[in-house]
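Enquirer:
In this note's numbering, the protein residues as written are 3 to 302.
#1: So is residue 142 buried or exposed if we call it buried at 16+ other beta carbons inside 10 Å?
#2: Buried or exposed, going by whether 16 or more other CB atoms sit within 10 Å of the CB of residue 209?
#3: Tell me, which residues are paired with residue 227 by DSSP?
#4: By Cβ distance below 6 Å, which residues in the same chain neighbour residue 348 in space, the five residues on each side in sequence not counted?
#5: From this set, 13, 108 and 200, which residue's C-alpha is nearest residue 45's C-alpha?
#6: Between the alpha carbons of residue 122 and residue 164, how many angstroms are there, rounded?
#7: Can you pull the DSSP bridge partners for residue 21?
#8: Note down, in chain order, each residue of its chain lying with its Cβ closer than 8 Å to the Cβ of residue 271, except the 5 sequence neighbours on either side.
#9: Could you give the residue range of the beta strand (DSSP E) that holds residue 132?
#10: Given residue 18, which residues of its chain have a CB within under 7 Å of its CB, disregarding the five upstream and five downstream residues?
#11: Would you check if there are 3 or more beta carbon pairs closer than 8 Å linking the stretch 187–197 to the stretch 207–222?
#12: Helix, strand or coil, according to DSSP, for residue 75 in the structure here?
#13: Our contact map puts residue 81 next to residue 118 with C-beta atoms below 8 Å; I'd like the distance itself, whole angstroms only.
#14: When you compare each of 36, 274, 268 and 260 to residue 86 by their alpha carbons, which one comes out closest?
#15: Look up residue 55 in the DSSP assignment and say whether it is helix, strand or coil.
#16: Output the distance between the C-alpha atoms of residue 139 and residue 7, rounded to the nearest integer angstrom.
#17: Could you tell me which residues DSSP pairs with residue 48 in its beta bridges?
#18: At the level of alpha carbons, what is the spacing between residue 202 and residue 175?
#19: Taking its Cβ as the centre, do 16 or more other Cβ atoms sit within 10 Å of residue 94, making it buried, or is it exposed?
#20: Quick one: what's got a C-beta closer than 6 Å to residue 61's C-beta in the same chain, skipping five residues either side?
#21: Residue 21 and residue 2 - do their beta-carbons sit closer together than 9 Å?
#22: Write down the C-beta distance between residue 114 and residue 10 rounded to the nearest angstrom, noting that I regard them as a contact closer than 8 Å.
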């Protein structure tokens, strides 16, 4: 049976008439308060008084993009790479993707494709240094998180939403755990795919879909793997080497694919993000205790 689910990619353009009516006078509002009032008017016109709470963020995304948001259609391999890529530090400035309001969506959610978990569509917009992320689970639901990161270059985990961050007044106690989980996953997904998109070189292949772009009169971008960067990591070897003289043991471990900053240019004053594919590394580990059978000299 065909589902009636609609992602942000189809919901936002449906507000075109209401957004056009709102912008017909003075054009795009210049302040945050004016934007919020304009968004509320669009929500009331499109969905009625009772739906404003759930639809105001959708209306804001439609307003800021003039109902023509750039949509990134992520193939399962691309989303898998985002989830498997390690990112330990937040950038010193927002990635370009996050500066452009838009949508990332699974290409075929009806076949089981997802961005992560049950989320099939993720939209975002920013006002000042605050981002709003809108997630649509499949087959239904609506989740929103507000995030004000500090672009410090320090530990990413310290800047992602977690228990105790500002959830807003509308999140009741029973919903906090699910809300916190979505907030963490959504912000991490967005910032990781944004950095993967501008990494040099990027493991993602990002291609403008010309036929879809012409048909929908806005940018539609396909996102998928390029080359073998998405191959699953090979299993580390089980062998190890003991160095009893120094109380160390060498172990092979798998280093996951990760993003990191690299200096370049004259005097190495410039920085860029690069993607390092997963690899095996042999590391010497110091143990506090070396356990052996009494008198055997063999490790247990």
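Even glycine gets a Cβ: it sits at the ideal position worked out from N, Cα and C.
As the structure is a prediction and not an experimental result, all values here were calculated from the model.
Expert: In this structure, then:
#1: Burial check for residue 142: the Cβ neighbour count within 10 Å stays below 16, so the residue is exposed.
#2: Taking every protein chain shown into account, the CB of residue 209 has fewer than 16 other CB atoms within 10 angstroms, so this residue is exposed.
#3: 206
#4: Look at the range of the chain in this structure, 3 to 302, and you will see that residue 348 is not part of it.
#5: 13
#6: 22 Å
#7: Within the DSSP secondary-structure output, residue 21 pairs in no beta bridge.
#8: So the qualifying residues of the chain are 265.
#9: 132–139
#10: Contacts found: 69.
#11: no
#12: strand
#13: 7 Å
#14: Residue 260 is the option with its Cα nearest to residue 86.
#15: Residue state for residue 55 is assigned as helix, using DSSP reduced to three classes.
#16: 10 Å
#17: Paired residue(s): none; residue 48 is not in a bridge.
#18: 43 Å
#19: exposed
#20: 41, 44 and 45
#21: Outside the shown range of the chain (3 to 302) lies residue 2, about which nothing can therefore be said.
#22: Contact doesn't hold; Cβ gap of about 19 Å is too wide.
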